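Visitor: Chains as they are written, first to last, in our numbering: chain A, 100 to 439; chain B, 100 to 439. Just so you know, even glycine gets a beta-carbon here, dropped at the ideal spot from N, CA and C. Every value quoted in this text rests on a predicted model; they were computed, and no experiment measured them.
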DNA sequence: CCGTGGTGCCAAATCGCTTTGGCATTGGTG
DNA sequence: CACCAATGCCAAAGCGATTTGGCACCACGG
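(1) According to DSSP, simplified to helix, strand and coil, what is residue 397 (chain B)?
(2) Quick one: residues in its chain with C-beta nearer than 6 angstroms to the C-beta of residue 135 (chain B), no 5 flanking neighbours on either side, listed in chain order?
(3) Please name the residue, chosen from B:267, B:361, B:205, that lies closest to residue 429 (chain B) on a Cα-to-Cα basis.
(4) Can you tell which of B:171, B:221, B:173 has its C-alpha closest to the C-alpha of residue 413 (chain B)?
(5) Using the three-state DSSP reduction, which class does residue 264 (chain B) fall into: helix, strand or coil?
(6) Can you name the residues of chain B whose CB is closer than 8 angstroms to the CB of residue 149 (chain A)?
(7) Starting from the Cα of residue 326 (chain A), find the closest Cα among B:384, B:283, B:104 and give me that residue.
(8) In its own chain, which residues sit with a C-beta less than 6 angstroms from the C-beta of residue 435 (chain B), not counting the 5 before and 5 after it?
(9) Step through the CB atoms of chain B and report whether any lies within less than 9 angstroms of the CB of residue 384 (chain A).
(10) Check whether the Cβ of residue 207 (chain B) lies closer than 9 angstroms to any Cβ atom in chain A.
(11) Using alpha carbons as the reference points, say which of A:172, A:194, A:276, A:347 lies closest to residue 403 (chain A).
(12) Tell me whether residue 100 (chain A) sits in a helix, a strand or coil according to DSSP, three-state version.
(13) Decide if residue 433 (chain B) is buried, meaning its Cβ has at least 16 other Cβ atoms within 10 Å, or exposed.
(14) Tell me which residues share the same chain as residue 296 (chain B) and place their Cβ nearer than 8 angstroms to its Cβ, disregarding the 5 neighbours each side in the sequence.
(15) Taking the CB atoms as reference points, tell me whether residue 426 (chain B) and residue 407 (chain B) lie closer together than 9 angstroms.
(16) Between residue 328 (chain A) and chain B, is any beta-carbon pair separated by less than 9 angstroms?
(17) Can you list, in chain order, the residues of its chain whose CB lies under 6 angstroms from that of residue 486 (chain A), leaving out five sequence neighbours each side?
(18) How is the beta strand (DSSP E) around residue 427 (chain A) delimited, first residue to last?
(19) Compare the C-beta of residue 187 (chain B) with all C-beta atoms of chain A and state if any pair is closer than 9 angstroms.
(20) Does the distance from the C-beta atom of residue 368 (chain B) to that of residue 351 (chain B) stay below 9 angstroms?
(21) Is the CB-CB distance between residue 166 (chain B) and residue 205 (chain B) below 9 angstroms?
(22) Roughly how many angstroms separate the alpha carbons of residue 354 (chain B) and residue 370 (chain A), rounded to a whole number?
(23) From residue 149 (chain A) to residue 343 (chain B), what distance separates their C-alpha atoms?
(24) For residue 416 (chain A) and residue 110 (chain A), what's the separation of their Cα atoms in angstroms?
(25) Going residue by residue through the segment 168 to 219 of chain B, where are the continuous beta strand (DSSP E) segments of at least 3 residues, counting only ones entirely within it?
(26) Taking buried to mean at least 16 other C-beta atoms within 10 Å of its own C-beta, is residue 234 (chain B) buried or exposed?
(27) Along chain A, which residues have their Cβ under 7 angstroms away from the Cβ of residue 103 (chain B)?
(28) Sort out for me which residues DSSP pairs residue 292 (chain A) with in a bridge.
(29) Taking CB distances under 9 angstroms as the criterion, tell me whether residue 323 (chain A) reaches chain B.
(30) Which class does residue 336 (chain B) belong to by DSSP, given the choice of helix, strand or coil?
(31) Less than 9 angstroms between CB atoms is the rule here; does residue 211 (chain A) satisfy it with respect to chain B?
(32) Say whether chain B places a C-beta atom closer than 9 angstroms to the C-beta of residue 177 (chain A).
(33) Give the interface partners of residue 293 (chain B) over in chain A, defined as CB-CB distance under 7 angstroms, in chain order.
(34) Taking just the CA atoms, how far does residue 147 (chain A) sit from residue 138 (chain A)?
(35) Verify the CB distance criterion: does residue 156 (chain A) have a CB-CB separation below 9 angstroms to chain B?
(36) With 16 as the cutoff for other CB atoms within 10 Å, does residue 100 (chain B) come out buried or exposed?
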C-alpha cells in the first residue's frame, strides 16, 4: 500500500509550513513566486493529491453532483433505473458531470433534508417531480444548489430545465396529420407526472383546434414493475382502441415502449402499420429506433448539459429560470404514410 | 438554509459528551442502554445526520463505490458511455451499490494511483481491462479493494467476475448448429479486450471439433466513435462475407449491434433471415430484442451483484478468485431455423 | 532615526466525526 | 473493610485539508 502523501509531507520536504503549501497550490495567499514554484514541484514529485474527504470537510464542497431519481410509490429506485429513459438520464448526467470535472453520485432513496445535506453535494439534479412529490419539500431548506429536470407540478419553484411538452406533443400530432392521419388517438400513462397532464391537455386542445374528435386512453403504467411490461399494457390499451368503433388512423404513445405496444396491438388485430395506422411515440430510444417507430428525441444530453451549467455557473440561476429544450422529431417507417 | 446539526448539538441537547453521542449512535463503546436510547431519541428529534465528509475523514471510508470504465485509446469516456452495454453496466452498478447502501461514483479519467486514492473509495470496480491497460498498473499499490469485471489479459491478477466467454461463445455456436446451420461465420471486433481473442479461439477450436471450416472476419470497431456506427461497420463486413464464395448459413456477431448489422447486410444482399441465414449476437440489448435477434444476455446485474458482494464482504476475496458468470441464451426469430 | 506599508511566511483554529486512554463510581469478593 | 473488576462516561487527540490573524523583515519617505 502506498502511504498517503499529505500536505504535511510536502511541507516538510519543501522546508516550508503547511500553510505555505496550501497557499502555493491553491494560489491564494501571499507566497514568493519562487517558493510557490518549488512547492509545486515538490508536490508533483511526491505525487501529492489532496484528500477529498479532508478537502470536503474543510471547504464544505465535494466536487460531486447528486442525481435524485423519481421515487414512485409503485416502483423501487432500482426498477426505475431499468427504464431506458432513466438509465440514459443517469448516464448523461455522469457524462455531463465528468465533463465539468465533477463526479456524479446516484443517490439512494432520500428521506430527509439533513440526510441530503450530509452528502455535501456541490449541486443536485432532481428528476421528474411527481405531483405532491415529497422530495420537493426536502429541497426547501436545502443549501445545495438545485436544478429540476422535468416539469414542476408546482409551477416555477426553482431553476429548471425541461422539455417543452406542449410543443413536442403538438409536433407529434402535426407530423401525423401531415402524413394523412385525421383521427389521431393518444395512449397516455397514468404516471403522476404533471407532464402527463400537460400532454393530455395539449392533445385535447389540438383536437379542438382541428375540429376532430379526441381518442384518449390511459394505459395503467403504475401497475408495472419492470420495463418489459410497459409494451404489454400499452398493447392491451391499444387493442381496445383499435377494436372500438371509429378507430383512429394514428396513435401516439406517450411513454417509453408505448409505440412498440401499439405496433404489437396492430399486428394482433391485423392492421398494417403504417398502411392502415400511423404510430408515433413520445420518447425515443433504441427500441423505437430498431422497430422503425417515429419518436421524439428528448435530447437528454442537452438537458443535462444545461442542468450542469446552471449548477456550476458563478451566478446562481434565478429561481424562476426555466430553460425549455425542444424535442427533436425523428420520423421513421411507422409514420411513412397511410395506404390511401 | 437549515443549520447543520452536529454531534456537539446532540451532545448538548442530551446533556452528555460528544464521545457518548458517537458511541450511542454507533453502538460501539460502553454506554448505559438507557442513555443510549435517550441519545438516539434526541438525535432523531433534532434530525441529526452525520456529515459524510467528516465521517469519511475520520474513518477513511466513504460508503462509495467507484466505477472505472475502460479508457480506449480511440474513444472518450463519454462516447463509451453511449454504448448500450456500458450504459447498462453503469446503471446496474448504481443499483447494486444502492442495494448495499453505498453510492456509486462514476470516475472521470484517472491518471495516478494517488488520485484514485484521493477519492477514499470503499471499493473499486474496474471494467473490461484492455491489453496493456495502464489502469492495471495503477491498481498495484492501491489500498482500495478492487474487483475486476471482465477478462483480465494478465491472467488471474486479482479478484474478478467475468462472463465465461469461451462457454458462451460455444453456446451460441451450438445453438445455431442445432437449428441446422453447418457453416457458421463469426464477425469479431478488433477491440483490444482479451475476451475478443478468447472468443476467436473458442470459435476456431469449436470449428475444428466439428470439422467445419471457420469463417472469421474482423469488423473495425476501433474506428468507430459512437454507437450508431457499430451496426454499419458490421454490416459492411457481413456483406463481404455474404458475397464471398461458400457463404455461411449462420453468422454470429461478437459485439453490440453486430447482429443488427448482419441483418441489414442480409437484407441488402437479398438473403432471408432466418430462412437462408441464421443470425445471433454476443451481447443482448434492447435493439437485439426489438429486432428479434437471438443474443446472449450477459447478466450484467448478476455480475455486478457479485462484484459488490466481493467488495463489501468482511473477508477480502482471495486474489486468485475469479467468479464466472454464464451468459443466458435468448433465442429469438433470427435463429428460428433455416428454410430447408 | 522612526513610522508606515508591503511582503513572505507560519502557528493555530476550524470543519465534524471517531477513538483511545483514563477517571470516577459501583458492586462483589476475600 | 479493603481491594479489584466492571461499568459509565468524558477529555483530548487524531483524520487532512483551508483559512485567519499575526509576526518578522525590508524598503521607503518624512
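Guide: In terms of the structure at hand:
(1) coil
(2) 123
(3) B:267
(4) B:221
(5) helix
(6) 217
(7) B:384
(8) 373
(9) yes
(10) yes
(11) A:194
(12) Residue confidence is low: residue 100 (chain A) scores 45 on pLDDT, short of 50, so the model does not pin down where it sits. Its coordinate-derived value is still stated next. Three-state result, residue 100 (chain A): coil.
(13) buried
(14) none
(15) no
(16) With 9 angstroms as the cut-off, residue 328 (chain A) does not count as an interface residue toward chain B.
(17) Past the edges of chain A, shown from 100 to 439, lies residue 486 (chain A), and the structure says nothing about it.
(18) 427 to 429
(19) yes
(20) no
(21) yes
(22) 35 angstroms
(23) Spanning the alpha carbons of residue 149 (chain A) and residue 343 (chain B) requires a straight line of approximately 59 angstroms.
(24) 40 angstroms
(25) 202 to 205
(26) buried
(27) Here the neighbours are 216.
(28) A:229
(29) no
(30) If DSSP states are grouped into helix, strand and coil, residue 336 (chain B) belongs with the helices.
(31) yes
(32) yes
(33) Within 7 angstroms Cβ-Cβ: nothing; residue 293 (chain B) doesn't reach chain A, min ~26 angstroms.
(34) 11 angstroms
(35) yes
(36) In this predicted model, residue 100 (chain B) has a pLDDT of only 45, less than 50, meaning its place in the structure is not dependable; the value taken from the coordinates is given anyway. By the 10 Å Cβ count, residue 100 (chain B) comes out exposed.
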